Amino acid sequence: MSEQAVTAQSEDFSRWYNEIVYRADLAAPSPVRGCVIIKPYGYEIWEGIKAGLDRRFKATGHQNAYFPLFIPESYIKREAQHVEGFSPELAVVTHAGGKELEEPLVVRPTSETVIGEAFSDWIQSYRDLPLLINQWANVVRWELRTRPFLRTAEFLWQEGHTAHASEAEAEEETRQMLDIYAEFAIEDAAIPVIKGEKSRLERFAGALRTYTIEAMMRDRRALQSGTSHNLGQNFAKAFDIRYLAESNLQEYCWTTSWGLSTRMVGAVVMTHGDDKGLRLPPKLAPHQVVIVPIYRRDAQRAAVLEAVDKLQCQLQDGGLRVHVDRREGHSPGFKFNDWEMRGVPIRMEIGPRDVESGKAVLARRDLPGRAGKQFVTQAGIVETVRELLADIQRSLLEDARAFRDAHIQEAGTYAELREIVEAGDWARAAWAGDDAQELAVKDETGATIRCFPFAQPEEPGACVLTGRGSARVALFAKAY
RNA sequence: CGGGGCGUGGCGCAGUCCGGCAGCGCGCACGGUUUGGGUCCGUGAGGUCCCCGGUUCGAAUCCGGGCGCCCCGACCA
Numbered sequence: 000m001s002e003q004a005v006t007a008q009s010e011d012f013s014r015w016y017n018e019i020v021y022r023a024d025l026a027a028p029s030p031v032r033g034c035v036i037i038k039p040y041g042y043e044i045w046e047g048i049k050a051g052l053d054r055r056f057k058a059t060g061h062q063n064a065y066f067p068l069f070i071p072e073s074y075i076k077r078e079a080q081h082v083e084g085f086s087p088e089l090a091v092v093t094h095a096g097g098k099e100l101e102e103p104l105v106v107r108p109t110s111e112t113v114i115g116e117a118f119s120d121w122i123q124s125y126r127d128l129p130l131l132i133n134q135w136a137n138v139v140r141w142e143l144r145t146r147p148f149l150r151t152a153e154f155l156w157q158e159g160h161t162a163h164a165s166e167a168e169a170e171e172e173t174r175q176m177l178d179i180y181a182e183f184a185i186e187d188a189a190i191p192v193i194k195g196e197k198s199r200l201e202r203f204a205g206a207l208r209t210y211t212i213e214a215m216m217r218d219r220r221a222l223q224s225g226t227s228h229n230l231g232q233n234f235a236k237a238f239d240i241r242y243l244a245e246s247n248l249q250e251y252c253w254t255t256s257w258g259l260s261t262r263m264v265g266a267v268v269m270t271h272g273d274d275k276g277l278r279l280p281p282k283l284a285p286h287q288v289v290i291v292p293i294y295r296r297d298a299q300r301a302a303v304l305e306a307v308d309k310l311q312c313q314l315q316d317g318g319l320r321v322h323v324d325r326r327e328g329h330s331p332g333f334k335f336n337d338w339e340m341r342g343v344p345i346r347m348e349i350g351p352r353d354v355e356s357g358k359a360v361l362a363r364r365d366l367p368g369r370a371g372k373q374f375v376t377q378a379g380i381v382e383t384v385r386e387l388l389a390d391i392q393r394s395l396l397e398d399a400r401a402f403r404d405a406h407i408q409e410a411g412t413y414a415e416l417r418e419i420v421e422a423g424d425w426a427r428a429a430w431a432g433d434d435a436q437e438l439a440v441k442d443e444t445g446a447t448i449r450c451f452p453f454a455q456p457e458e459p460g461a462c463v464l465t466g467r468g469s470a471r472v473a474l475f476a477k478a479y
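Just so you know, the first sequence maps onto residues 0 to 479 in numbering that gives the first Met the number 0.
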């Protein structure tokens, strides 16, 4: 598999990327370039992501709600770091209803402020806490430079917002949601993400601490795939989110926020995609199985389609997402390639020979070409397919993990770090530098601290740069 | 904003140097053929060659001016 094939810039990749998934830029009206158009198939992948996350959110007691798209400019300005961080990328509405507005409205880049305003009304007592809210929404950030899926001016996401009575509880929530993101990424999306804390420079505007899951794409660039922020009391103070404690004293809440966006669709594409197109993890795939009927004459056609109908029913009854490619006028070979491009995990071929023998051909997408083909009996097909899907899910994760681990290296000195990241790999190194030194590294190597990973099984070498405070293990990489 | 590149049918492009009928591949429509790895053949629809001006008998092509987009960098999920 060539790494070239799965970069957003590669010709091979973009050919089907645009056709199959979506195009990031509107061709005609230039002012909205970089906005998002998600075609149906791509949107179904997003719906798979939504389902996986929503199930987990419900299990942890979070409830969905919806807040306004427009935020009064004054709200944004109320938290000093927040406004400073987001100002350059805000889209602002100045006119509405044919008149100039008294106060401009910001198109939400994120909703801490407007939700904070609501929270201050909703929360009166410690009995109202914790308040656990999630919103599925679109947001707009006017980036200078957009990239298909990985950075669009408008994107869809979920943003969670919670308020708690204690700092410890807020921290626990922040970490719990990061864990949920990581669990989702690893188990559902088959992306072996690394959990960690962001450096001060990369922290969310207005947060105390920001945690991240970092994924390695097939071109070895890092992709922040989800974030969870402990906001401390910064927003509670800015928006007067207070409660009456059991002690009968007014206290400020401790709040958190966390988000995961359509960028995750890009992460799936660029983690698993190969020269032939997408490879979708079964848990997210819109179609887990596609059945391609094969027949030569009308007499065969009826028998084949009858068998196919029966198999479709069995698989559907077994709770599997199955699609039958009934298109006329395309050869089986065409359909094989077509569904491989779309990344369907299992293709089932049913022809006259299979009808006769009671067998079926299964082709797994995770293995290249014909290597993924096997003959199975139609009896017990549901169980066979289920096991195969589980195996594909597992193998995609293992592939990605092996690839990732092969491209993370320990750096004992700054020279080593530089050499590693300039060659495109990730470097683990002890870090005790300050902001200025971190910026200097970016300037010199193009790499940034992706995170300070939580798990540090092995101790890295000597300090890369010395500074005040103790050194932490940091992960350096070039990122999207 | 700095550096590079490109604007030609729905998509991808050739043609531009050296002016002479607007082309190719894919896709689309129709007919036939084929169907176990991207069938083949035929017919057809589809164009402001980015815009404005100039040179010329004649401009996609040359000259002048303008506009737009993409890529790399700075900002960032």
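Glycine included, every Cβ here is placed at the ideal spot set by N, Cα and C. Just so you know, these numbers come straight off a predicted model, no measurement behind them.
CB-CB under 6 Å to residue i, same chain, minus the five flanking residues each way: which ones, in chain order?
i	result
G47	L283
L207	N229, G231
Y294	R300, V303
T173	S227, N229, T255
I193	E213, P452
I75	V82, V105, T112
F238	G115, E116, S119
With C-beta atoms as the reference, is residue i less than 8 Å away from residue j?
i	j	result
P129	A162	yes
S110	E158	yes
N137	F154	yes
Y242	Q62	no
I522	V35	Summary: the structure shown does not reach residue 522, with the chain confined to residues 0 through 479, and so no result is reported for it.
T270	I190	yes
W430	R471	yes
T93	P103	yes
E305	P331	no
M263	R403	no
Q387	I345	Checking the sequence shown, residue 387 turns out to be Leu, not Gln. Contact flag set, yes.
A362	V375	no
A152	G265	no
W338	V384	no
A478	T444	no
Taking residue i as part of the alpha helix (DSSP H), name the residues at either end of that continuous run.
i	result
N336	331-340
I114	111-121
L387	380-405
E213	E213 -> not in any alpha helix (DSSP H); beta strand (DSSP E) instead, spanning 208-215.
C312	297-316
E158	Segment 153-163 is the beta strand (DSSP E) holding E158; no alpha helix (DSSP H) there.
L52	39-58
Y180	166-182
F234	233-237
R417	413-421
Y74	72-75
For residue i, is the classification buried or exposed, using 16 other Cβ atoms within 10 angstroms of its Cβ as the cut-off for buried?
i	result
G432	buried
N247	exposed
H286	buried
E245	exposed
T209	buried
H160	buried
R144	exposed
A461	Annotation note: pLDDT 40 at A461 (below 50); position unreliable, no value reported.
F333	exposed
Y180	buried
Q134	buried
W121	exposed
Roughly how far, in whole angstroms, is the beta-carbon of residue i from the beta-carbon of residue j, given that I think they are within contact range, below 8 Å?
i	j	result
L131	G60	5 Å
Q377	G350	Actually they do not touch by this definition, with Cβ atoms about 13 Å apart.
L314	V381	6 Å
D365	L396	Not quite, the Cβ-Cβ distance comes to about 10 Å (not below 8 Å), so this is no contact.
Q392	P281	5 Å
A235	W253	7 Å
V267	A188	5 Å
Starting from residue i, trace the beta strand (DSSP E) in both directions and tell me its first and last residue.
i	result
G195	193-196
T255	253-260
K98	98-106
V92	90-95
P292	288-292
I345	345-349
V472	471-476
F374	372-376
L248	Counting along the chain, L248 falls outside any beta strand (DSSP E), and DSSP gives it neither H nor E.
Leaving out five residues before and five after residue i in sequence, what residues of the same chain have Cβ atoms less than 7 Å from its Cβ?
i	result
A27	For A27, the predicted structure reports a pLDDT of 36, less than 50, and the residue's modelled location is therefore unreliable. A value from the coordinates is still provided. So the list is empty, once near-sequence residues are dropped.
R199	D434
F183	G51, L52, R55
R400	P191
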